[in-house]
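Here is the structure we will look at.
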DNA sequence: CTGAACCCTGAAGAAACGATCAAGAAGCCG
DNA sequence: CGGCTTCTTGATCGTTTCTTCAGGGTTCAG
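Protein chains in written order, with our numbering: chain X, 5 to 216; chain G, 5 to 216.
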């Protein structure tokens, strides 16, 4: 469906159905735009995107399932230029592609690099955290909070903001859940709240990464 | 809602509510991104977009009602760079804006920068204050007052105004609480009320940043 | 010059806040 | 369906922060 609409709009649109094929084909044809379905079998779509970004700076338009909004945010941070949530209308897709092609090109695509804070390393794409080289086992929520904080280390995040981004804006409940997860995080990172090396408490507001 | 989310994300986001206002404001502030609601009264949103394009090449993100797919196509053809259909989640909007701003631009994006007054630096997003490079530990209220004053250094803020903005318009109590917090602030900033370098007393009114 | 209004500041009680723990609920995996 | 992990709630405790109050200084108008 995607391919036929793009071709009817005048584009040459080779189709592949697996992640490895996508990477091979991208190498071979050097496309201007890649429409990437996150539901691709054989390899995680985000991972495909990251790999594509290692050798091409062409536009990447992601297709995601409506349910996973988090994916879209990750997608954009991983180097995608735009995304569409399913179900979408074919004309929308075509319009997006056209818009992308009207744009000037980015010379330096931003690949989500692992971020380091002292001996702490946060790999947002691989969802891995290491402390002094040792892997740290974090739960999903703990990781997401840490990923959010480390993504913008200069920003003081309000509890509500953390909830909006990590949970869902529609979430209802006590904002201080965040505190508990932060406590667990600090515990696992051997971080003393009174003398924090990683996570700062911003009293009356929320939390922020320590930037010395 | 749109404005508050963008501001929380660190952007300066003036709000206007009619098409003519949008055009005037765009002329005045030369924005990096315009978020344009197609449902704007007073002028057809598409027409507003067309007129904006006559004098600016900033990014335009359109907000449209889900029902009108045609609008989105027209919108893109008329010069919008992206669009979102309502209802959308605030995070989506912020992510889209951020993606737009990651694109190569002629000028640097105007993300809220730390403000400096002599050797005083106020970082509103990170909620950090430094004096001659040294971090200053402010309480929430102290910081909020300073952030308010520095946001509009030319404005003399009445005590009541400060309370409305920093506390809550519903707050009841003695307006002169502000004085106490100002005193603490001045103390921490080594600011002498008789010879203020940062915070001026406006007798009978309130306080204002020193503008030398 | 003088009184009244206004402002500054220190101190102390009151309120708010954050860290932590434990227990129950919910979710996930086999 | 269990067993296990993870999440959420609620309560407690120590600490920080806010507010009030009062005394004393400063400014301004008459």
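From the three backbone atoms N, C-alpha and C, an ideal C-beta is built for every residue, glycine too. A quick note: this is a predicted structure, and the numbers were derived from the prediction, not measured.
Per DSSP, the unbroken alpha helix (DSSP H) holding residue 33 of chain X starts and ends at 23-33. For residue 151 of chain X, the CB contacts under 7 Å within the same chain, skipping 5 residues up- and downstream, are 126 and 128 in chain order.
Within chain X, the C-beta atoms nearer than 7 Å to that of residue 130 of chain G come from 158, 159, 160 and 212, in chain order. In terms of CA proximity to residue 162 of chain X, G/130 leads the group G/94, G/154, G/130 and G/160. Put simply, the stretch 15-31 of chain X touches the stretch 49-63 of chain X. At least three CB pairs are less than 8 Å apart. Under DSSP, residue 199 of chain G forms a beta bridge with G/196.
A distance below 8 Å between beta-carbons, with the five flanking residues on each side excluded, links residue 142 of chain G to the following residues of its chain, in chain order: 133, 150, 189 and 192.
Residue 160 of chain X has its alpha-carbon roughly 31 Å from the corresponding atom of residue 42 of chain X. Beyond the five residues adjoining it in sequence on each side, residue 200 of chain X comes within less than 6 Å, by CB distance, of 214 in the same chain, given in chain order. Under the 7 Å criterion on CB atoms, residue 197 of chain X is classed as non-interfacial with respect to chain G.
A straight-line Cα-Cα distance of about 27 Å links residue 216 of chain X and residue 185 of chain G.
No Cβ of chain X is located within less than 7 Å of the beta carbon of residue 119 of chain G. Counting along the chain, residue 145 of chain G sits inside the alpha helix (DSSP H) bounded by residues 144-155.
Taking 7 Å as the cut-off between beta carbons, the residues of the stretch 159-178 of chain X near chain G are 159, 160, 165, 168, 169 and 173, in sequence order. Looking at the DSSP output, residue 211 of chain G bridges to G/161 and G/205.
Not flagged as an interface residue toward chain X: residue 201 of chain G, since no C-beta distance is shorter than 7 Å. When beta bridges are read from the DSSP output, residue 119 of chain G appears opposite G/126. Assignment of beta-bridge partners to residue 68 of chain G by DSSP yields G/89. Here DSSP, grouped into helix, strand and coil, assigns residue 140 of chain G to strand. In the three-state reduction of the DSSP assignment, residue 57 of chain X falls in the coil class, being assigned neither a helical nor a strand state. By the C-beta density criterion, residue 19 of chain G is exposed, having fewer than 16 other C-beta atoms within 10 angstroms. Listed along chain X, the residues sitting closer than 7 Å to residue 144 of chain G by beta-carbon distance are 207, 208 and 209.
At a cut-off of 7 Å between beta-carbon atoms, residue 93 of chain G makes contact with chain X. Going by DSSP, residue 10 of chain G is part of no beta strand (DSSP E) but of the alpha helix (DSSP H) stretching over 6-12. Going by beta carbons, residue 65 of chain G and residue 86 of chain G fall inside the 7 Å limit. Each residue's CA atom was taken as its position, placing residue 122 of chain G and residue 136 of chain G some 9 Å apart. CA-to-CA, the gap between residue 157 of chain G and residue 203 of chain G works out to about 10 Å.
Setting aside the 5 residues that flank it on each side, residue 100 of chain X is surrounded in the same chain by 65, 86 and 88, each with a C-beta closer than 7 Å to its C-beta; the list follows chain order.
According to DSSP, residue pairing for residue 63 of chain X in a beta bridge involves X/37. In this model, residue 21 of chain X and residue 40 of chain G are separated by some 37 Å (Cα to Cα). Straight-line spacing of the CA atoms in residue 174 of chain G and residue 51 of chain G works out to 41 Å.
When the five nearest sequence neighbours on each side are left out, the beta carbons in the same chain lying within less than 6 Å of the beta carbon of residue 63 of chain X are those of 37, 85 and 104, in order along the chain. Beta-bridge analysis with DSSP links residue 133 of chain G to G/126 and G/140.
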